[in-house]
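Going by our numbering, the first residue of the sequence shown is number 11, and it counts up by one from there.
What follows is a single structure, written as C-alpha cells, with notes after it.
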Amino acid sequence: MKPVRKVVIPVAGHGTRVLPATKSIPKELLPVVDRPLIDYVVNEAFEAGIEHAVLVTGRGKGAIEDYFDHAFELEAGLEAKKKTQILDSVRACVHTAGAISYTRQQAPLGLGHAVWCARDIVGDEPFAVSLPDEIVARRPGYLKQMLNAYGEVGGNLVAVEEAPKEETSKYGVVAPIARKGALIEMSGMVEKPAPEDAPSNFRIIGRYVLQPDIFDLLEQQEKGAGGEIQLTDAMNKLNARQTFHACINEGEIHDCGSKLGWMKANAALALENPDFGDAFAEFLRVRL
Ligand code: UTP
11 MKPVRKVVIP VAGHGTRVLP ATKSIPKELL PVVDRPLIDY VVNEAFEAGI
61 EHAVLVTGRG KGAIEDYFDH AFELEAGLEA KKKTQILDSV RACVHTAGAI
111 SYTRQQAPLG LGHAVWCARD IVGDEPFAVS LPDEIVARRP GYLKQMLNAY
161 GEVGGNLVAV EEAPKEETSK YGVVAPIARK GALIEMSGMV EKPAPEDAPS
211 NFRIIGRYVL QPDIFDLLEQ QEKGAGGEIQ LTDAMNKLNA RQTFHACINE
261 GEIHDCGSKL GWMKANAALA LENPDFGDAF AEFLRVRL
C-alpha cells in the first residue's frame with residue numbers, strides 16, 4: 011500500500027456565503043481567534059505526517075501565499091523590539107522550503123475541478139483532500155485519524171459525522187453497507203437528500219483520502235449539481251470499482267463556510283483560549 015504523502019487543499023472558491031467579508035480577502039484567511047482558517051488546516055495535515063501540501067489557488071488569493079512566507083520587515087521590527095513570542099508565532103507560519111506548492115484554478119468550476127488541477131503535482135499516489143472552511147482545533151486532528159484508518163483498510167475514505175435526520179437535505183450523506191467500530195463500508199454518497207430518502211444521517215465533512223484513479227474520472231469534466239464539476243460525482247463513480255469507507259472521527263469540527271458557523275467556531279475556540287477564555291465567558295454571561 012503506497013503511503014499518503016500529499017494533501018490537496020482547494021482555496022479558489024468565491025466564498026459567497028460569507029460575503030461581503032470575502033470581497034477582497036480570501037475566505038481561507040478569515041481568522042478564528044488569532045489564526046486564519048488555512049493555518050489550522052495546513053498544520054493539521056503536517057501534524058498528521060503529510061509531507062507536502064498542494065494549495066489550489068485562484069485570482070485574488072495571493073495573500074495566502076504571502077501568509078506562508080517570511081515577512082522580513084515585520085520580523086526585523088519584532089526582533090528589534092524583542093517581541094520574541096509574537097516573532098515566534100509569525101515565523102511558525104513558514105514551513106520547510108518546498109513543502110507547500112501552489113497551482114491555479116483559473117475559474118471556480120467546482121470542487122472536483124479544483125482537485126483535478128492538482129493532478130500533476132500529486133502524481134500516481136494516494137492523496138488526502140482537506141477543505142479549509144472546516145477546521146479541527148483539538149489533536150489528534152481528523153486527518154491523522156483518517157490516515158490511521160487508511161493504514162487498516164486502504165482504498166478511499168471520507169470523513170463523516172452524525173447530523174440531525176431532519177437536516178440531511180443540507181449535506182452530502184453516505185449510503186452504508188456495514189459498520190465496524192468507527193468505520194462504515196459504503197456503497198455511495200447522495201447529495202442533499204430529503205430526510206425520507208436519506209440512506210443515513212452520516213454527513214460528509216471536508217476530509218478525504220483518495221486513490222489517484224479519481225483524476226481519470228475528474229478528467230471527464232462532467233458537470234453535476236449547480237452546473238459545477240463535483241468531487242462527489244467522481245467519488246461515486248470510483249466507489250463502483252474501489253472500496254470507500256466513511257470514518258467517524260473523534261473530536262469536533264467547525265464549519266466556517268457560513269457566517270453562523272464561523273461565529274460559532276470563534277466562540278468555541280475563544281472560550282478554550284488559556285489567555286482570555288474566562289474573560290470571554292464572563293463577557294458572554296453578562297449578555298445572555
Ligand atoms: P465551498 O463551496 O465551501 O467554498 O468549497 P466556496 O465555493 O468558496 O463558498 P460558497 O459556497 O461560495 O460560500 C470548499 C472549498 O473548496 C474551494 C473553496 O475555496 C473552499 O475552500 N473551491 C470550491 C475551489 O477551490 N474551487 C471551486 O471551484 C470550488
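We put the beta carbon where it would ideally sit given N, CA and C, even for glycine.
In chain order, what are the residue ranges of uninterrupted beta strand (DSSP E) at least 3 long that sit wholly in the segment 163-217? Counting whole runs of 3 or more residues, the segment 163-217 contains the beta strand (DSSP E) stretches 166-172, 182-190, 193-201.
Would the segment 213-226 count as touching the segment 134-150 if we require 3 or more Cβ pairs under 8 Å? yes
Residue list, Cβ distance to ligand 1 heavy atoms smaller than 7 Å: 20, 21, 22, 23, 24, 25, 26, 27, 28, 37, 38, 66, 68, 115, 118, 119, 120, 121, 123, 124, 141, 142, 143, 216, 238, 267
Helix, strand or coil at residue 99 [DSSP, three-state]: helix
Less than 7 Å between the C-beta atoms of residue 135 and residue 247, yes or no? no
Sequence-distant residues of the same chain with beta carbon closer than 8 Å to residue 70, five excluded per side: 34, 36
What three-state label does DSSP hand residue 265 in the structure shown? The three-state reading of DSSP puts residue 265 in strand, counting E and B together.
Going by beta-carbon coordinates alone, are residue 234 and residue 243 separated by less than 7 Å? yes
Since residue 355 contacts residue 249 with CB under 8 Å, what's their CB separation in whole angstroms? As displayed, the chain neither begins before 11 nor continues past 298, which places residue 355 out of reach and without an answer.
Delimiting residues of the beta strand (DSSP E) encompassing residue 255: 254-258
Which same chain residues, not among the five before or five after residue 111, have their C-beta less than 8 Å away from its C-beta? 62, 63, 64, 65, 131
If you pair each beta-carbon of the segment 266-286 with each one of the segment 163-177, do three or more pairs fall below 8 Å? no
Leaving aside the five residues before and after residue 39 along the sequence, list all residues of the same chain whose C-beta is less than 8 Å from its C-beta, in chain order. 46, 47, 48, 73, 74, 77
Measure from the alpha carbon of residue 180 to the alpha carbon of each residue in 57, 98, 283, 205, then state which is nearest. 205
Tell me whether residue 137 sits in a helix, a strand or coil according to DSSP, three-state version. strand
What first and last residue would you give for the beta strand (DSSP E) that runs through residue 19? 16-20
Can you pull the DSSP bridge partners for residue 111? Residue 111 pairs with 64.
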